[in-house]
């Protein structure tokens, strides 16, 4: 009985190895494969199974490790004078309540005063793209409140003219002059970075 299990285990492992070099999904055929724990390790005939079995389970871990590490290795160059990278067209620093416009990593406008989202409705951190622009947006969420010079970079979140003394509900408030400059400068698809 043990020899039969060993032979079945060896043939299954060999077939799985042939069917898929690196893919765990490609190795399954809809039926459960015997694990190496089903094969006795004390038998001399089991030694080839032990030698070939680790190659299949280890392959996915080895092949996926560099993919996970790749983004970590990729460091973007920081733009001088701002806490954002050179790829940003707009940079927002939530902790200093400042924002800048950039072009190829060079400051073209700013720093300007901002008022970000309040606790519980914070401005989302991260790297975003300008989604749309609206000269006079009326917020359906806030009783058609006017939001002049709106530049949306996250669903429901925009740069726009607003109070610089009262926290927003997630948007980035700018002065009238600054909001107009942001509106006239930023285009759909431009990168916006929000940092803390």
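Numbering (my numbering), first residue to last: 2 to 197. Note that beta-carbon positions come from the ideal geometry of N, C-alpha and C, so glycine has one too. Given the structure is predicted, the values throughout are model-derived calculations rather than measurements.
Rounded to the nearest whole angstrom, the C-alpha separation of residue 151 and residue 162 is 7 Å. Around the Cβ of residue 189, a 10 Å sphere holds fewer than 16 other Cβ atoms; the residue is exposed. Following the DSSP letters along the chain, one finds residue 185 inside the alpha helix (DSSP H) bounded by residues 177–186.
Rounded to whole angstroms, the gap between the alpha carbons of residue 159 and residue 172 is 5 Å. Residue 82 and residue 116 have their alpha carbons spaced roughly 20 Å apart. Between residue 96 and residue 170, the C-beta gap is not smaller than 7 Å, which leaves the two residues out of contact.
DSSP links residue 83 through a beta bridge to no other residue. Here residue 146 is exposed. Its C-beta has fewer than 16 other C-beta atoms within 10 Å.
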